[in-house]
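Chains as they are written, first to last, in our numbering: chain R, 1 to 542; chain C, 543 to 971. Each residue gets a CB set at the ideal place from its N, CA and C atoms; glycine is no exception. The structure displayed is predicted, hence computed values, not measured ones. These notes are about the structure you will find just below.
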Amino acid sequence: MASIRNRASTLAALLVLLGLTFWGAISPAVADPLDDALAGFTTDKYDDTEKAIQGVVATAAPTGKAIFEALAAGRLVFDPESKSVLIKDAAGKLTLAKTGEAAPADLASRPLKTVRANNRIRRAVEAASGAFELQDPNPRKRIDAARAVFKSRDPAALKAIETALATEKDAAAKEALQQARAAIILGKADAPEADRVAAADLVADVGDQDALAALRSLPPGSPQTVKDAADAGIASIERWLSVANAFQDVTFGVALGSVLLLAAIGLAITFGVMGVINMAHGEMVMIGAYTTFLTQRLIHSYLPAIDGASLIIAIPAAFVVAGAVGVLIERTVIRFLYGRPLETLLATWGVSLILQQAVRTMFGPTNQAVSTPEWLQGSVSLMGVSLNWNRVAIVLFALGVFFALLLLLKRTSLGLKVRAVTQNRRMAASMGIRTPWVDAMTFGLGSGVAGIAGVALSQIDNVSPNLGQSYIIDSFLVVVFGGVGNLWGTLVGAMTIGVANKLLEPWAGAVLGKIILLVAIILFIQKKPRGLFALKGRFVDA
Amino acid sequence: MRNVIRGALAAGALAAAAFAGAASAQAQETIKVGILHSLSGTMAISETTLKDAMLMLIDEQNKKGGVLGKKLEPVVVDPASNWPLFAEKARELISNQKVSVVFGCWTSVSRKSVLPVFKELNSVLFYPVQYEGEESERNVFYTGAAPNQQAIPAVDYLMKEEGVQRWVLAGTDYVYPRTTNKILEAYLKDKGVAAEDIMINYTPFGHSDWQTIVSDIKKFGSAGKKTAVVSTINGDANVPFYKELGNQGVKATDIPVVAFSVGEEELAGIDTKPLVGHLAAWNYFESVDTPENKAFIDAWHAFTKNPKRVTNDPMEAHYIGFNMWVKAVEKAKSADPDKVIDALPGVEQANLTGGVSKMLPNHHITKPVLIGEIKEDGQFDVVEKTPDLVPGDAWSDFLPGSKDLEADWVGKKCGNFNTKTGKCGGQGS
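Next comes the structure, spelled out in structure tokens:
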């Protein structure tokens, strides 16, 4: 049913395309058919709206493209009384859908109703405007349009594909068009057998999920040769996909590992290096996420020109805010409790509850929306493995933060002092290092890094007062598993846990997978209590 | 440990409330209304709103002169998203505070934990959230949707309007999704869907890494048949799920997701642009255009002093439930639980979507079922509404164990009457 509808609407789209090609020749005065078509928009029924779309396409109305754009954006409106259909532009200006002229003032003051669109209508609009894009001057857009046809395998699009193929100059676009054509011919029962066999091979070469779907949905009664070619294609794709899937699981694991690394890396400093059991660590992450939210909102209202960069600006902001809160906590609470782990645990846990409730009071208990900038949306497909820009960015970001921190600890004067104080406090003090100042700076550094993690996590998780709670356990797990006091251990620990989790998930399920992993870690800690990379030799507690 | 401290804090707050309550009770005789919603912990995100909604409804009723000439007095407690604490707080409300009625609970497990208390102390609970059904108790009135008032119509819509043939049933791992999915699976098979066209997936509470599952859904959807996801994913896990859908480019026109736990409140925390067209099934949407709804939204904005606060389905359920209770008290001329329980079935109350809901003998109510598509502004566009109100069915007709059961607290005085054996007491007794 759906495919018939799609077919009809795409066919109609082709007609409009042809119509538009000869637009100049046709007189702009359109007779009654357009009125009839537009009337369909005013009944508030999806069936009629869909017919109206086809009707508009069939009349090749010059305002057609504008009508579809408005419909998709929810800006096509009508007056229930006079049944006139109007296009509202982004600024709210009304024009008549029929002629494109400005609407008379008396219409604009009426209570206008929006023509509603559901998924079915949106699909019809997409199909209707998709045909325009096969002729788009931008080759990227043409490839996307061809890919869409490859996916839908809509026989009605064959004509448009062939027309586009005849004039296509760009090699990549040409290939995409040929593949789209093959996918249609493969499923066409009345196409010559030899063409269909060749098409099956061409489709199989694409080698992704959509190709698999195309090969699997041969119409019944296809000749044996076509079936054989399709089966061979399915077998080769499946062989490849099983390899690709394993690789995909690993990439998911690395992505999860990076999230864990980001969440844990601040803790690797406060807990790993300084030995403070900091239960408020998760709240530093949360503060970073809320700082991102605030930064984004401020930039959106005062400097909308640099909206896309708000996330980048949020990174130093989150570092400073979370770092400052960290220094404050260290100066007011933790410095009195060095060497008393149990009291530190209780005190920092109290601090975490205070911070949570403070945020809840200030921002409310509900989630806050942090938007993802354009350049982080979408994904890229590499040999059947799809990588999200979002995740790729988090992996790179996590590694960047990790190495920056490593460099800071190994190569700067502050890093040298930090290491000196943690290894032998009294010796460091007698060498003239202000140890309380170093303590405060180290704790601030760890907290600031946690804040930076919050910027990244705001892209994939809830920004709510509970954000920190969901990461505190995982963070401790990573640091303890990797080996307390060793940054490299944190990196390897996070990646191991991430990848193991994602390799277990497909066959054990999310719930059981997590349990298996926890049991495995408990057993591991039994065997090696100091984690993967235990510090050897003398480790003098501060 | 954490709960101990929370409990202590809550107890402190309660003691303070009790003092305040005692002081005002001396001034004038009132009818006390208990509000049992979590104000802290993981469920605070959803339940805090319901507490505010109840306070508003009570405030409005008092401005109209209260009930039976007495003012209503709200008693708010915080069970802190802690299930055993729900039972303790319920006991305190009924025994110590002597409330006449309690409005509260969100999760099924919290409702199950307070049930014995309400039975033992014989009080009345109004439960405002959609749930899995398979229950009907004398002391509980269910103003949220039963599965036949939400899940089944949603699946019907997808079959009819989107031509869906392949189904992913994804849920959080607890009783509501498991039971709902069991009912849906039986229903789909009843409709001729093959077993290999149904994929069922459960995730832990607060699951935040959806990469594998979303990619599995994509794979499942590439078999050449139209695929849809029916989501009973609960609470905070929804935001990362929808974000991952957007990231992996799953559009509503390819694989639509229909959710039973995502409303206006949950969407307020998401960048909704990539979600346009995904669906939700409820009995109320804020975007429904009726005079009653407009008045309710205006009152809500005025009460919270925040013009951006959204309204949602469980709020409407409390609106209906509270007004039904008021009518029943006036009908019985008493707030005594036994009299109110007898007076409630048959009480009618206009809902906010332009119909009149009625309390049924099985303690569920009639409701319209609405399907909405997510719009860019985080509101829903109603794409389908059942022509008539759907009566809530306590025992599903699609599960072998509960097919023959019937709840009738008026004639048969029984919550699980077995129509085959003709006896009261089957499953769930």
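Can the beta-carbon of residue i be found less than 9 angstroms from the beta-carbon of residue j?
i: Gly-221/R; j: Ala-191/R; result: no
i: Ala-610/C; j: Val-889/C; result: In the sequence as presented, Ala is not what sits at residue 610/C; that position holds Leu. The answer is no: Cβ separation not under 9 angstroms.
i: Thr-490/R; j: Phe-402/R; result: yes
i: Leu-726/C; j: Ile-694/C; result: yes
i: Leu-592/C; j: Asn-604/C; result: no
i: Thr-928/C; j: Val-911/C; result: yes
i: Asp-461/R; j: Leu-467/R; result: yes
i: Ala-979/C; j: Leu-821/C; result: Nothing about residue 979/C can be read from this structure; chain C reaches only from 543 to 971.
i: Asn-825/C; j: Gln-921/C; result: no
i: Ile-522/R; j: Leu-504/R; result: no
i: Ile-287/R; j: Ala-322/R; result: yes
i: Leu-597/C; j: Val-644/C; result: no
i: Gly-446/R; j: Asn-278/R; result: yes
i: Gln-54/R; j: Ala-156/R; result: no
i: Gly-454/R; j: Asn-789/C; result: no
i: Ala-70/R; j: Lys-88/R; result: yes
i: Leu-457/R; j: Val-276/R; result: no
i: Glu-828/C; j: Ala-892/C; result: no
i: Asn-624/C; j: Gly-675/C; result: no
i: Ile-525/R; j: Val-484/R; result: no
According to the neighbour-count rule (16 or more other Cβ atoms, all chains shown, within 10 Å of its Cβ), is residue i buried or exposed?
i: Ala-823/C; result: buried
i: His-906/C; result: buried
i: Glu-677/C; result: buried
i: Tyr-784/C; result: buried
i: Trp-375/R; result: exposed
i: Asn-743/C; result: buried
i: Gly-24/R; result: Here the model assigns Gly-24/R a pLDDT of 41, short of 50, so the residue's position is not dependable and the matter cannot be decided.
i: Ile-573/C; result: buried
i: Gln-568/C; result: Here the model assigns Gln-568/C a pLDDT of 47, short of 50, so the residue's position is not dependable and the matter cannot be decided.
i: Gln-224/R; result: exposed
i: Ser-310/R; result: buried
i: Val-226/R; result: buried
i: Ser-470/R; result: buried
i: Gly-964/C; result: exposed
Identify, in the order they occur along the chain, each residue of the same chain with its Cβ nearer than 6 angstroms to the Cβ of residue i, setting aside the five sequence neighbours on each side.
i: Asp-739/C; result: Arg-708
i: Gly-498/R; result: Gly-253, Leu-256, Gly-257, Leu-260
i: Ala-232/R; result: none
i: Phe-940/C; result: Ile-725, Ala-728, Tyr-729
Using a C-beta cutoff of 9 angstroms, does residue i count as contacting chain A?
i: Ile-755/C; result: Here chain A cannot be found, since the structure's protein chains are R and C.
Once the 5 residues before and after residue i are set aside, which same chain residues still bring their CB inside 8 angstroms of it?
i: Lys-528/R; result: Ala-534
i: Pro-436/R; result: Arg-335
i: Ala-198/R; result: Ala-182
Compute the minimum distance between the beta carbon of residue i and the heavy atoms of the ligand SAH, and state whether it is under 8 angstroms.
i: Val-449/R; result: The model depicted lacks the ligand SAH and carries no ligand whatsoever.
By Cβ distance below 7 angstroms, which residues in the same chain neighbour residue i in space, the five residues on each side in sequence not counted?
i: Pro-746/C; result: Asp-715
i: Lys-141/R; result: Glu-133
i: Lys-151/R; result: Asp-210
i: Gly-967/C; result: Asn-958
i: Asp-48/R; result: Gly-40
i: Thr-961/C; result: Asp-946, Glu-948
Could you tell me how far apart the beta carbons of residue i and residue j are, in whole angstroms, since I believe they sit closer than 8 angstroms?
i: Leu-34/R; j: Ala-66/R; result: Going by Cβ atoms, the distance from Leu-34/R to Ala-66/R rounds to 13 angstroms, so no, they are not a contact pair.
i: Gly-282/R; j: Phe-443/R; result: Incorrect: roughly 15 angstroms between the Cβ atoms, too far for contact.
i: Phe-628/C; j: Val-656/C; result: 5 angstroms
i: Pro-938/C; j: Leu-212/R; result: The residue you asked about is not Pro; residue 938/C is Ser in the sequence shown. Not quite, the Cβ-Cβ distance comes to about 37 angstroms (not below 8 angstroms), so this is no contact.
i: Leu-408/R; j: Leu-399/R; result: 15 angstroms between Cβ atoms; not a contact.
| task | For the segment 631-665 of chain C, enumerate the residues whose C-beta is nearer than 8 angstroms to any C-beta of chain R, in chain order. | result | Listed by position, the residues of the segment 631-665 of chain C near chain R (Cβ gap below 8 angstroms) amount to none.
| task | Give, in chain order, every residue of the segment 240-258 of chain R whose Cβ lies closer than 8 angstroms to some Cβ of chain C. | result | Within the segment 240-258 of chain R, the residues whose Cβ lies closer than 8 angstroms to some Cβ of chain C are Gln-248, Asp-249, Phe-252, Ala-255, Leu-256, listed in chain order.
| Just by C-beta distance, which residues in the segment 207-221 of chain R are closer than 7 angstroms to chain C? | Per Cβ criterion, the list reads Gln-209, Asp-210, Leu-212, Ala-213, Arg-216, Ser-217.
| chain R contacts made by the segment 924-951 of chain C, where a contact means CB separation under 9 angstroms | Going along the segment 924-951 of chain C in chain order, one finds Val-924, Val-925, Glu-926 with a Cβ nearer than 9 angstroms to chain R.
| task | Using a Cβ-Cβ cut-off of less than 7 angstroms, give me the residues of the segment 825-840 of chain C that come near chain R, in sequence order. | result | Residues passing the 7 angstroms Cβ filter: none.
| query | Of all the residues that make up the segment 789-823 of chain C, which are near chain R by a beta-carbon distance shorter than 7 angstroms? | reply | Cβ proximity to chain R below 7 angstroms picks out Asn-789, Gln-790, Gly-791, Ala-794, Thr-795, Pro-798, Glu-807, Ala-810, Gly-811, Ile-812, Asp-813, Gly-819 from the segment 789-823 of chain C.
| According to a CB-to-CB cut-off of less than 7 angstroms, which residues of the segment 582-608 of chain C neighbour chain R? | The residues in question are Thr-584, Ala-586, Ile-587, Thr-590.
| field | Within 9 angstroms of chain C by C-beta, residues of the segment 372-394 of chain R in sequence order | value | Residues of the segment 372-394 of chain R with a C-beta atom less than 9 angstroms from some C-beta of chain C are Thr-372, Leu-376, Gln-377, Gly-378, Ser-379, Ser-386, Asn-388, Trp-389, Asn-390, Arg-391, listed in chain order.
| request: Taking only beta carbons into account, state which residues of the segment 692-712 of chain C come closer than 8 angstroms to chain R, listed in chain order. | output: Those residues of the segment 692-712 of chain C that come within reach of chain R (Cβ to Cβ, closer than 8 angstroms) are Glu-703, Glu-704, Gly-705.
| query | Using Cβ-Cβ distances below 7 angstroms, what residues of the segment 110-130 of chain R are close to chain C? | reply | Within the segment 110-130 of chain R, contact with chain C at the beta-carbon level (separation under 7 angstroms) is assigned to Arg-116, Asn-118, Asn-119, Arg-120, Arg-122, Arg-123, Glu-126.
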